[in-house]
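Undergrad: Encoded as structure tokens, here's the structure I'll be asking about.
Numbering (our numbering), first residue to last: 5 to 183.
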């Protein structure tokens, strides 16, 4: 099954069109606040069943972002005629950077991976240790599970050099799978 993993931001994300760089399947002419949707729109076929798992730090902004993410997920599933088995599955983690928190996050992420899974992830949001736990879990699952594959890992970059007005910012989504 195709499974999409992401980390919800600690702040309010701004919808923008992320232009793709290096992977045409990530092309999406639609403003979205979460770059994992570039992978979802690009890799999911009509009629497929998918699972979407998000890591959310236990802070108010992340809780609001669950609602925002769910809105975009429902829209994508409707537009692509895709079944999202359980809806958004959320792994809530404490707001600290302790080793225990990140080891637990790693272990909980692995609970969602099975043999034959096609894995997708977004490393854009979250703290560096949380992104590290996600990336390590993807690599571990790839090596541990039978025929599990890492299909695409994305990173969304926002160039804010044009000024403080978010309408002038440029988003680019990169395929980081080779890392």
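For glycine and all other residues, C-beta sits at the position ideal for the given N, C-alpha and C.
Quick check: the Cα distance between residue 88 and residue 45, rounded to an integer number of angstroms?
TA: The straight-line gap from Cα to Cα measures roughly 13 Å.
Undergrad: Please report how far the alpha carbon of residue 94 lies from the alpha carbon of residue 75, in whole angstroms.
TA: Going by the C-alpha atoms only, they are around 14 Å apart.
Undergrad: For the region 22-36 against the region 157-175, do three or more pairs of beta-carbon atoms, one drawn from each stretch, fall closer than 8 Å, so that the two count as touching?
TA: Yes, the region 22-36 touches the region 157-175.
Undergrad: Roughly how many angstroms lie between the CA atoms of residue 34 and residue 21, to the nearest whole one?
TA: So the two alpha carbons sit approximately 5 Å from each other.
Undergrad: Who are the near neighbours of residue 140 in its chain, counting only those whose CB is closer than 8 Å to its CB and skipping five residues on each side?
TA: Counting only Cβ-Cβ distances below 8 Å, and skipping sequence neighbours, we find 110.
Undergrad: Less than 8 Å separating the beta-carbons of residue 90 and residue 54?
TA: Result no, Cβ atoms of residue 90 and residue 54 do not sit closer than 8 Å.
Undergrad: Using only CA atoms, which one of 83, 150 and 175 lies nearest to residue 121?
TA: Cα-wise, what sits closest to residue 121 is 150.
Undergrad: Restricting to runs no shorter than 3 residues, where is the beta strand (DSSP E) found entirely within the region 22-62?
TA: Listed in chain order, they are 22-25 and 53-61.
Undergrad: Name, in chain order, the residues that DSSP records as bridge partners for residue 79.
TA: In the DSSP output, where bridge partners are listed per residue, residue 79 has none listed.
Undergrad: Considering only DSSP beta bridges, list what residue 161 is partnered with.
TA: Partner(s): 176.
Undergrad: Since residue 73 and residue 50 are thought to touch, with beta carbons under 8 Å apart, how far apart are those beta carbons, to the nearest angstrom?
TA: About 22 Å; that fails the 8 Å criterion.
Undergrad: Rounded to whole angstroms, how far is the Cβ of residue 134 from the Cβ of residue 11, which I believe are closer than 8 Å?
TA: Yes, residue 134 and residue 11 are in contact; Cβ-Cβ is about 6 Å, under 8 Å.
Undergrad: Do you know how far the Cα of residue 147 is from the Cα of residue 16?
TA: Answer to the nearest angstrom: the Cα atoms are 35 Å apart.
Undergrad: So what does residue 94 bridge to, in DSSP terms?
TA: DSSP output for residue 94 lists 58 as bridge partner(s).
Undergrad: How many Å lie between residue 69 and residue 13 at the Cα?
TA: Looking at the two C-alpha atoms, the distance is approximately 7 Å.
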